[in-house]
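Worksheet: one structure, shown below.
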Amino acid sequence: MHITVIALIIAILGLVTSFFLVGILPSIVSLVMGIVLFIREEEKSISVVRIIAISAAGVILPVIMYLNTFGFHLPGNDPEGVSSFQRILSENYSNFGIHIFDPKKSEAEESLALEEENTSSTSSDQEENYYVSHEAEVDVSEKEPEDKAEDVPDNRSIFESLDSIDPREKNKGGIISIAASDDNMPSYGGLPVGTMLIGQYFREDDHNCNPVLVLQNKTGEPVRYECRFIARDSEGEELAISDKTVEVVRDGALFVFEGRFDKRDLNGSMPDAYEFSITKRNPYENDMADLVSVYTAVEGNSALLTAQNRSDKKVKVDAYVLFFDGKELVDCMWMIPQNIDGVCLDPGSAATIQGDAYYRFDRVETFYTAYEAVGENG
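For the sequence shown, my numbering begins at 733 and goes up steadily by one.
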């Protein structure tokens, strides 16, 4: 059999088995054979080029699957004893709805878990997400005696309205005394188990409507979070979508998701409700929050945020500063202190960024994440 035919067969077999990672070895062999044939042949034939192309695809595919699972880092030890091979197959195929490679459950176990989940929706061991909702605030003064007012569930306190602010607090002066905000906006959404909803707000300005969530990672490990906000009308129809990502949140840390709905997509009005869906996965970057210090100072109508990188690595800091007037959220600013690459901090350096609030505020709260800027050029 001619060497070109042999190399082609090996290349095809390598590409097919690369979907299960093991094909990278025969693909490398056929790639080397193809390159040697290409160099030795006086007339470059399409058959040899085809071998090189198929082999290259067989090599690249497993590499992409590895990077999609572990990024540019070594696999490390899995707490459940799952092999790196199983984790790569599970991570990549589960994204396409194929769970036969899930290292944690067999197909029979998954069916049993699904059946138990349908019969016991309150068991956190069987659910990966839990759901929260907030309806428009209801006047309960006629339904409950005055001395029972403190029995209202605690989560109601995170939805403050302008009417709850002492009138004396509203008239402090400033750029604008009362901000445009509506924390009574109905909402509903899903959270991964181990992720706590700490605060929830909704504000608007001339151009955007902004749902703001303050959350806490209580999963016991660093997590990458992704969130999709959906604005809906009175019929429940989708008006606009806002996707956000937080690269890495260490265990126990608070963090912020801010959605942005352009009013042009909302026909110039407010949505009737919004939905949010939050998912988590292993982070691609190394958490550096322990080696970064962030300070916020207020000067007039501005917040000055300074970040100090105490590590020997280039770091990116994502910070959110929330501006409050009394209990009302009046502004939310995403700030990235930087002195290199437009978004990063040099090792051992510090940088300051200023944010100007358009509304009167009397205090700020700062939340930040920091991670090694491996993917940034420079």
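C-beta atoms are modelled at their ideal positions from N, C-alpha and C, and glycine is treated no differently.
Given the structure is predicted, the values throughout are model-derived calculations rather than measurements.
If you draw a 10 Å sphere on the C-beta of G921, you find 16 or more other C-beta atoms in it, and that means buried.
With fewer than 16 other beta carbons inside 10 angstroms of its own, N999 counts as exposed.
In terms of CA proximity to K1012, T977 leads the group T977, A1083, R996, L1036.
In this structure, the alpha-carbon of P1079 lies about 13 Å from that of A1102. For Y933, the beta-bridge partners assigned by DSSP are V944. Distances from the alpha-carbon of E1007 to those of S779, E1017, F961, D1088 put F961 closest. Shown here for Q1070: same chain residues with a beta carbon closer than 7 Å to its own, the five before and five after excluded, namely C1076, L1077, A1083 in chain order. Here S762 is near A739, since their CB atoms are less than 8 Å apart. The C-beta separation of Y1052 from E958 comes to about 16 Å, leaving the pair out of contact by the 8 Å criterion. DSSP places P794 within a helical segment (H, G or I) once states are collapsed to three. Here Q818 is not bridged, per DSSP, to any residue.
A Cβ-Cβ separation of about 27 Å leaves P1003 out of contact with V981 under the 8 Å criterion. The residues V1106, in chain order, have a CB closer than 7 Å to that of F804 in the same chain once the five nearest residues on each side in sequence are set aside. If you look at F987, you'll find it in the beta strand (DSSP E) that goes 986–990. Here Y1027 is exposed, its C-beta having fewer than 16 other C-beta atoms within 10 Å. A distance below 8 Å between beta-carbons, with the five flanking residues on each side excluded, links G952 to the following residues of its chain, in chain order: G926, D983.
Here Y1016 has G803 as same chain residues with Cβ atoms under 6 Å from its own Cβ, once five neighbours each way along the sequence are excluded. In this structure, DSSP gives S1081 a state outside helix and strand, which the three-state scheme calls coil. The criterion of a C-beta distance shorter than 8 Å is satisfied by D1063 and Y1091.
Per DSSP, P1015 lies in no alpha helix (DSSP H) segment and is marked neither H nor E. If you check the CB distance, Q932 and L986 do not come in under 8 Å.
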